[in-house]
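Asker: In the working numbering, the protein residues as written are 2 to 163.
(1) Three-state secondary structure (DSSP) at residue 3?
(2) Are there any heavy atoms of the ligand SAM lying less than 7 Å away from the beta-carbon of residue 150, as far as the coordinates show?
(3) Between which two residues does the beta strand (DSSP E) holding residue 42 run?
(4) Check whether the stretch 20-28 and the stretch 119-135 are in contact - that is, three or more C-beta pairs closer than 8 Å.
(5) Quick one, are the C-beta atoms of residue 105 and residue 37 less than 8 Å apart?
(6) State the CB to CB distance for the pair residue 32 and residue 42, rounded to an integer number of angstroms; the pair is presumed to be in contact (CB under 8 Å).
(7) Can you tell me where the beta strand (DSSP E) with residue 31 in it begins and where it stops?
(8) Which same chain residues end up closer than 8 Å to residue 132 when comparing Cβ atoms and leaving out the 5 residues on each side of it in sequence?
(9) Do residue 142 and residue 117 have their CB atoms nearer than 8 Å?
(10) Roughly how many angstroms separate the alpha carbons of residue 163 and residue 155, rounded to a whole number?
(11) DSSP on residue 156, reduced to helix/strand/coil?
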């Protein structure tokens with residue numbers, strides 16, 4: 002509406018917001034623990050809730066000029082994490098090292114040192130970005146068994162003389 006009266010309506014535009022960032026994955030456990038490796042498993046985070054959708058009242062709508070970038074996306078609430086980031090910290094070192102990025106929910110960490118503590122954490126990411134990290138889980142690798150000590154073989158021959 003302006004001084005000349007009502008104008009024509011624009012074409013309808015359907016838009017969708019990006020899904021929320023995913024929750025933290027939950028650790029399932031550690032398997033195949035050896036002195037030098039361990040398999041870490043985690044579960045996908047639950048999908049975000051879609052029960053509460055924000056609504057705008059008419060008084061909140063104002064005319065704007067906007068540019069739209071259109072991308073393909075999953076329906077809100079059904080967006081799956083695109084990938085996971087698994088990090089490791091050794092012996093309470095405050096530095097976290099990324100050891101895996103990918104779509105699988107398990108990873109075999111190798112090149113570990115025997116009798117050492119390792120902490121792990123994982124986060125899920127989707128089109129909206131990374132979520133929060135999981136709670137930290139810590140394991141200690143076992144010691145390698147001691148090497149087998151082999152002595153020289155001795156042969157003793159006893160000869161009795163009359």
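Glycine included, every Cβ here is placed at the ideal spot set by N, Cα and C.
Answerer: Considering the structure as presented:
(1) As a first step, residue 3 must be located in the chain shown, where it is residue number 2. Here residue 3 sits in strand by DSSP.
(2) Among the components of this structure there are no ligands whatsoever, and the ligand SAM is therefore not found.
(3) For the purposes of this step, residue 42 is taken as the residue at position 41 of the chain shown. Element bounds for residue 42: 39-44.
(4) yes
(5) The residue labelled residue 105 in the question sits at position 104 within the chain shown. The residue labelled residue 37 in the question sits at position 36 within the chain shown. No, these two residues do not count as a Cβ contact at 8 Å.
(6) Taking the chain shown and counting its residues from 1, the one referred to as residue 32 is at position 31. Taking the chain shown and counting its residues from 1, the one referred to as residue 42 is at position 41. Indeed, because the Cβ distance is near 7 Å, the residues count as touching under 8 Å.
(7) Translated into positions along the chain shown, residue 31 becomes position 30. Run containing residue 31: 27-32, per the beta strand (DSSP E) assignment.
(8) On the chain shown, position 131 is the one that residue 132 refers to. Once the five neighbours on either side are set aside, the close Cβ partners of residue 132 are 22, 23, 24, 25, 46, 82, 124, 125, 126.
(9) Against the chain shown, residue 142 aligns to sequence position 141. Against the chain shown, residue 117 aligns to sequence position 116. Yes, these two residues count as a Cβ contact at 8 Å.
(10) Against the chain shown, residue 163 aligns to sequence position 162. Against the chain shown, residue 155 aligns to sequence position 154. Straight-line Cα distance between these residues: approximately 26 Å.
(11) Within the chain shown, residue 156 is the residue found at index 155, counting from 1. Correct three-state label for residue 156: coil.
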